[in-house]
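Here the structure comes first, spelled out in structure tokens, and everything after it is commentary.
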Amino acid sequence: MLVRRRLKKKVSSLTARTAGYSRFEPVRGTASSFGAGTASESSLSEVQTLQSELGATQTDRGTLVSLPGDVLFDFDKATIRPDARATLDKLAALIAAQKPPSVSIEGHTDAKGDDAYNQRLSEARAHAVRDYLVDQRQVPAALLKAIGLGELRPVAPNANATGGDDPEGRQRNRRVEVVLAAPS
1 MLVRRRLKKK
11 VSSLTARTAG
21 YSRFEPVRGT
31 ASSFGAGTAS
41 ESSLSEVQTL
51 QSELGATQTD
61 RGTLVSLPGD
71 VLFDFDKATI
81 RPDARATLDK
91 LAALIAAQKP
101 PSVSIEGHTD
111 AKGDDAYNQR
121 LSEARAHAVR
131 DYLVDQRQVP
141 AALLKAIGLG
151 ELRPVAPNAN
161 ATGGDDPEGR
171 QRNRRVEVVL
181 AAPS
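Residues 1 to 184 (UniProt numbering) are what the sequence shown spells out, left to right.
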């Protein structure tokens, strides 16, 4: 009897912790898109479609969407380009459909220029994406965390094998990564 009670308690705890993570609702781009919904094949398909369109990958941290800096921002700026809004709207729809427990928005730069300047630019860009999602797409602010990582986590070399400049590598390093945390 004691074993049965413990098992029932663990199942109840597990059910409570996972409530809401398997349910989705259609995204309409409004604040109500972030509430609880019911599971459907169409909403699961929507998540997969949005992930594919955004080039999302699954990592140990959750769903990773890497947005190239030159798509979102003009050179040396932290103002969202008008033509980047459609991409950020898809990101907001993915957040609404996937319902992660938290979202980390991480700004990155290349290694060209002053370290402190690159740090400030990466922070400003991460906050610009966060502000757009909150102000324009009504993503709950409490869900989002914006941080700047400057040039600390390159995904490509900033210089080629001979020590010369690698423009393609630097371009890949200028990005904003958005991590939709996996449910725990």
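Cβ atoms here follow ideal geometry from the backbone N, Cα and C, with glycine treated the same way.
What does the alpha-carbon distance come out to for the pair residue i and residue j?
| i | j | result |
| --- | --- | --- |
| aspartate 70 | leucine 180 | 22 Å |
| glutamine 58 | glutamine 48 | 12 Å |
| alanine 86 | valine 65 | 14 Å |
| isoleucine 147 | serine 45 | 31 Å |
| glutamate 106 | threonine 63 | 13 Å |
| proline 82 | glycine 163 | 36 Å |
| aspartate 165 | aspartate 114 | 16 Å |
| leucine 121 | leucine 72 | 13 Å |
| alanine 31 | leucine 88 | Low per-residue confidence applies at alanine 31: pLDDT is 40, beneath 50, and the placement is therefore not dependable, though the value from the model is reported in the following sentence. Approximately 16 Å between the Cα atoms of the pair. |
| alanine 156 | alanine 96 | 31 Å |
| glutamine 119 | serine 43 | 38 Å |
| aspartate 110 | glutamate 168 | 10 Å |
| alanine 124 | leucine 54 | 22 Å |
| alanine 182 | alanine 161 | 37 Å |
| leucine 152 | glutamine 136 | 30 Å |
| arginine 130 | alanine 84 | 14 Å |
| serine 52 | alanine 128 | 24 Å |
Can you tell me which of the options puts its alpha carbon nearest to the alpha carbon of residue i?
| i | options | result |
| --- | --- | --- |
| serine 104 | Leu94, Ala128, Glu177 | Glu177 |
| asparagine 158 | Asn173, Gly150, Leu149, Glu123 | Asn173 |
| serine 184 | Ala56, Gln136, Lys99 | Lys99 |
| proline 154 | Asp60, Leu94, Pro68 | Pro68 |
| alanine 126 | Lys112, Gly150, Glu53 | Gly150 |
| lysine 112 | Phe75, Ala182, Ala56 | Phe75 |
Going by beta carbon distance, what residues of the same chain come within less than 6 Å of residue i, once the five residues before and after it are set aside?
| i | result |
| --- | --- |
| lysine 145 | Ser104 |
| valine 27 | Here valine 27 scores only 37 on pLDDT, less than 50, and its place in the model should not be relied on; the value that follows carries that caveat. Excluding residues within five positions, the ones whose Cβ falls inside 6 Å are Ser33, Ala93, Ala96, Ala97. |
| valine 139 | Ala92, Ile95, Leu133 |
| glycine 29 | Any reading at glycine 29 must be qualified, since the residue scores a pLDDT of 40, below 50, and its modelled position is unreliable; the value itself is stated next. Cβ neighbours of glycine 29 beyond the five flanking positions: none. |
Kindly list the residues whose CB is nearer than 7 Å to the CB of residue i, restricted to its own chain and excluding five residues on each side of it in sequence; keep chain order.
| i | result |
| --- | --- |
| glutamine 171 | Asp70 |
| alanine 141 | Val134 |
| leucine 143 | Ser102, Val103 |
| alanine 56 | Thr63, Leu64, Val65 |
Cβ of residue i within 8 Å of Cβ of residue j?
| i | j | result |
| --- | --- | --- |
| tyrosine 132 | isoleucine 80 | yes |
| lysine 77 | leucine 50 | no |
| histidine 108 | arginine 61 | no |
Could you name the residues that DSSP lists as bridge partners for residue i?
| i | result |
| --- | --- |
| serine 66 | Glu177 |
| valine 103 | Leu144, Leu180 |
| alanine 97 | Per DSSP, none; premise fails for alanine 97. |
| histidine 127 | Paired residues: none, contrary to the question. |
| threonine 59 | Gly62 |
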